[in-house]
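Enquirer:
Numbering (our numbering), first residue to last: 27 to 738.
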C-alpha cells in the first residue's frame, strides 16, 4: 500500500517515458511529473511550508494543478482545493476557516492580500524547471531522491515526507444544505481506498487514456484523476464538459479509451453533437457517469445507442468517494435493477437505518437476520469502510452526527434487494408525505422521464392547497416540443404508478435550475415554487417559443396537406410593412426537386465562397421571397419565417432557416433555377425554410440572459 506520491515516484523510475497528464498541447510523462512534484515541494519548503500546513490552491483543469497538489503532499502539507470560479471573498473565507499558511492562485485577490499569503501558482509551476527559483535562490547540484536523481532545475531539494496513514492529506470544501462550506477531511488511508475502489469498481487499466472534462476540485473528478495516475495511465484534462468540439478533438488526439461525465453533460453533448454523438462516444471503451444518477430513460437510451461501450454509473460523495458501482450495461435489461444506484464492493459495508438509527437490513452479527429492505420500508443509507472521511473540519457536532460507531450516516433514503443492489428514493428531506404515504421524487421522475415529450423533470413536495394531505407532489418539466399536454402525461403516469403518487400540478419551464456540476438544484426549484406558487405563466404560445429548435435532419414521413396549409397560413398572416403583402411563398415537395436545388446551391456556393449549413431529407422547402422594390422585404420575410417555424413546431414538425439564397439570388445559374420554380423575376429570396418530421430533437443551446437592459 503506497501513497499516490510514492506511486508516482515509483512509476517515474519504472516507466519514465509513459505519459501521465495531457492538456491541449502540453504533456507530462511520469518522469517529468515526478520532477515537477519534487521541485515544487522544494520551493514550498524553502518558503517555510512544512508538514501539517494547509495550502490552498486554485483547482484548474491543467497539469500544473496536479503537480502542485502532489507537491504539497510530498512535504506533508494538507492540500486544500478551491474552485477556479470561486469569488475572491469565498476563497478568502476558506483560507481563514482552514487556517491556511499559503494560497497558490492567480485569481485577482488584491483586496485580500492582507488576510491571505499569496503566491502565483503559474510562477511556481514554471519556476519548478527554471534557472531561477521562486524564492530567488539559484538551483543547487543534483542529489539522490526517492526514485533517482534530482533534476538540475530543482532549487531546493527536500526529502519525501512519509506520512502516517491517519494523517490528513486533503480538505475538500463542499457547500452543505445550510450554505456554509463544510471541510471534508480525508486521510491518506481514505485517499488510497477511494482511488482503489475506483480502480476496482470501474476496472481502470494501465493502458487507459481517460478524458476528464470536469472541475478538479470536485470529488468525482478528483478520485478519477487519482485512480488514473495510480494505475500509471494517462489523464487527459479538459476545461469543461460543454464543448463538444474539444471533446471530439481530445478523443481523436489522444485516442482516449474512457470518458467521465455527469448526467447533464451527456445530454449537453448529445444536443451539440447531434448525429455525431454515437460515432464519437462509441469510440470509448467505457463511460463513467458520476455526481448524479442517470434516469431510467437515459440508461435505456445510452445502452441502446452505445452497445459496445460499457456504461457505469457511480454513487459517491465527498465524504466517501465512489462507494456504490453500477454496470448499467449489465442491468439495463432488468426492469427493476435498471433503477439501482449501485452495489458496494466486497470491502464496503452498507446498512439501512430506521428513524431511530436501528439497522433494518442486518449487519455485523445480525447480517443473517434480515438481508433486504423494500421501497415500502426504506431507511437512511449508512456506509462503513476505510474510504470514509475523518470528519468535518472544525465541525465537531456535525461530525458526531455523521460518523457513528464507525458508520458514515448519509441523508439518502434507500432500500436494498437480495443481490445487494441499493435503490435511491431521494434525500430524507425530499421524500414527500402524502397523507401518510411516502412518495419518492426519484420514482416519479424516472417514470415521467420516459414520456416522449419530457426532456428533463424534477419532482418536489409542496403544501396541499386543500389542507387535507399535508403535502402533494408537483412536477417541474422542461419539454421537447409544443405538443406537450398535462392530460397526456397524467394519463401516461396514471397507467404506471399509484394514484397518490401522481403530481397535483405540472409546471413547464425552459430549463431546470442546476448547480455547477449539472445536478438538479431542488432548493432552487422550491424557491421557484415559493415565488410563483400556482400562478404559472407558461402557456402554449410561450411553450412553443421556448422549445422550438433548429432541425436539419428529417425522416421520410411527409407533411399532411392540411397541416402544411395551416403552417403556410401562419406565414401569410404575419405582419408586413404598410400591409404591402408583396411576398411570395414557393413550396417545393418533390424529393428529386429538393435534391436538385440542394446540389445547384452547393455548387454555386463553392464558386462564390458562400457557406451552406447542412440539411438532409426535408419534406418540403419554402422559398420566402419579396419584391426588391419593397424596402421592408427582409423584415416582412423574417416575420413570416418565424411564424412558419413556430407553427410547424406546434404540430411536431421540425424546421430550419437556410440562408444561401440570400447571398446567391443574383447568380445567373441560381436565377435560372428560381425561374424554373416560378419565383418572380423581380423577387429576392430572403429565406429558404426546410420543414419535415425530425430524426432527433434539436440541440438545446444556452441562451445569454445578460442582454436585456432596462433603461428607465
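For glycine and all other residues, C-beta sits at the position ideal for the given N, C-alpha and C. Predicted model only: the values in this text are computed from it and were never measured.
At 4 residues or longer, and completely inside the region 261-345: list those alpha helix (DSSP H) runs for me, N to C.
Expert: As far as the region 261-345 is concerned, its whole alpha helix (DSSP H) runs of at least 4 residues are 270-280, 289-299, 303-307 and 322-331.
Enquirer: Do you know whose CA, among 568, 663 and 372, lies nearest residue 597's CA?
Expert: Here the closest residue by C-alpha is 663.
Enquirer: Taking 8 Å as the cut-off, is the CB of residue 240 close to at least one heavy atom of the ligand FAD?
Expert: This structure lacks the ligand FAD; in fact it carries no ligand of any kind.
Enquirer: So, at 6 Å on beta carbons, what are the nonlocal neighbours of residue 606 in its own chain, with the 5 sequence-adjacent residues on each side left out?
Expert: For residue 606, where only same-chain residues beyond five positions count, the Cβ hits under 6 Å are 656.
Enquirer: With 16 as the cutoff for other CB atoms within 10 Å, does residue 196 come out buried or exposed?
Expert: So residue 196 ends up on the buried side.
Enquirer: Verify whether the separation of the beta carbon atoms of residue 319 and residue 364 is less than 9 Å.
Expert: The answer is no: Cβ separation not under 9 Å.
Enquirer: Do the region 367-377 and the region 223-231 touch if we need at least three Cβ pairs shorter than 8 Å?
Expert: Counting Cβ pairs under 8 Å, three or more are found: they touch.
Enquirer: Rounding to the nearest angstrom, what Cα-Cα distance links residue 472 and residue 686 in this structure?
Expert: C-alpha separation (whole angstroms): 43 Å.
Enquirer: Would you mind sorting residue 218 into buried or exposed? The rule is 16 or more other CB atoms within 10 Å of its CB.
Expert: It counts as buried.
Enquirer: Quick one: complete beta strand (DSSP E) runs, 3+ long, within the region 510-551?
Expert: Counting only runs of 3 or more, we get 531-534.
Enquirer: Along the chain, where does the alpha helix (DSSP H) that runs through residue 625 open and close?
Expert: That run of the alpha helix (DSSP H) goes 617-634.
Enquirer: Going by DSSP, which residues form a beta bridge with residue 247?
Expert: Residue 247 pairs with nothing; no bridge assigned.
Enquirer: So for residue 669, helix, strand or coil by DSSP?
Expert: Helix, per DSSP.
Enquirer: Here's the rule: buried if 16 or more other CB atoms are within 10 angstroms of the residue's CB, otherwise exposed. What is residue 491?
Expert: Under this definition residue 491 is an exposed residue.
Enquirer: With a Cβ-Cβ cutoff of 9 Å, do residue 761 and residue 505 count as a contact?
Expert: This structure does not reach residue 761, given that the chain is present from 27 up to 738, and the question cannot be answered.
Enquirer: Rank 677, 703 and 641 by C-alpha distance to the C-alpha of residue 610 and give the top, closest one.
Expert: That would be 703, whose Cα lies nearest to the Cα of residue 610.
Enquirer: Count the other CB atoms, across all protein chains shown, that sit within 10 Å of the CB of residue 380; report buried if there are 16 or more and exposed otherwise.
Expert: Flag for residue 380 reads exposed.
Enquirer: Using only the alpha-carbon positions, how far apart do residue 520 and residue 540 sit?
Expert: Spanning the two alpha carbons is a distance of roughly 28 Å.
Enquirer: Taking all protein chains shown into account, do 16 or more other C-beta atoms lie within 10 angstroms of the C-beta of residue 525, making it buried, or fewer, making it exposed?
Expert: Result: exposed.
Enquirer: Can you tell me whether residue 145 is buried or exposed, with buried defined as 16 or more other CB within 10 angstroms of its CB?
Expert: It counts as buried.
Enquirer: Taking all protein chains shown into account, decide if residue 494 is buried (16 or more other Cβ within 10 angstroms of its Cβ) or exposed.
Expert: Classification of residue 494: exposed, given that the 10 Å Cβ count is below 16.
Enquirer: Three or more beta-carbon pairs under 8 Å between the region 701-720 and the region 577-590, yes or no?
Expert: These segments touch.
Enquirer: Grab me the residues of residue 259's own chain with a C-beta within less than 8 Å of its C-beta, minus the 5 sequence neighbours each way, in chain order.
Expert: Same-chain partners within the cutoff: 230, 231, 232, 233, 234, 235 and 236.
Enquirer: Counting only the same chain and skipping the five closest in sequence on each side, list residues whose C-beta sits under 6 Å from that of residue 57.
Expert: Closer than 6 Å at the Cβ level, and outside the excluded window around residue 57, lie 38 and 42.
Enquirer: Is the Cβ-Cβ distance between residue 108 and residue 83 less than 9 Å?
Expert: Yes.
Enquirer: Here's the rule I'm using: 16 or more other beta-carbon atoms within 10 Å means buried, otherwise exposed. How should residue 22 be labelled?
Expert: Outside the modelled stretch of the chain, which goes from 27 to 738, sits residue 22, for which no answer is possible.
Enquirer: On the DSSP bridge assignment, give the partners of residue 144 in chain order.
Expert: Partner(s): 129.
Enquirer: At the level of alpha carbons, what is the spacing between residue 185 and residue 375?
Expert: Each residue's Cα considered, the two are about 38 Å apart.
Enquirer: Helix, strand or coil for residue 45, going by three-state DSSP, please let me know.
Expert: Three-state DSSP puts residue 45 in a strand.
Enquirer: Restricting to Cα atoms, I'd like to know which of 450, 421 and 333 is closest to residue 350.
Expert: The shortest C-alpha separation from residue 350 is found at 450.
Enquirer: Classify residue 735: buried if its beta carbon has 16 or more other beta carbons within 10 angstroms, exposed otherwise.
Expert: With fewer than 16 other Cβ atoms within 10 Å, it is exposed.
Enquirer: Identify which residue in 72, 503, 733 and 633 has its Cα closest to the Cα of residue 694.
Expert: Selected option, being the one with the closest Cα: 633.
Enquirer: Going by DSSP in three states, residue 406 sits in which element: helix, strand or coil?
Expert: Residue state, collapsed to three classes: strand.
Enquirer: DSSP state of residue 733, grouped into three classes?
Expert: DSSP places residue 733 in coil when its eight states are reduced to three.
Enquirer: Going by other Cβ atoms of all chains shown within 10 Å of its Cβ, with 16 needed for buried, is residue 640 buried or exposed?
Expert: The residue is exposed, with fewer than 16 neighbouring Cβ atoms inside 10 Å.
Enquirer: Considering only the beta carbon of each residue, do residue 212 and residue 439 sit closer than 9 Å?
Expert: No. Outside cutoff.
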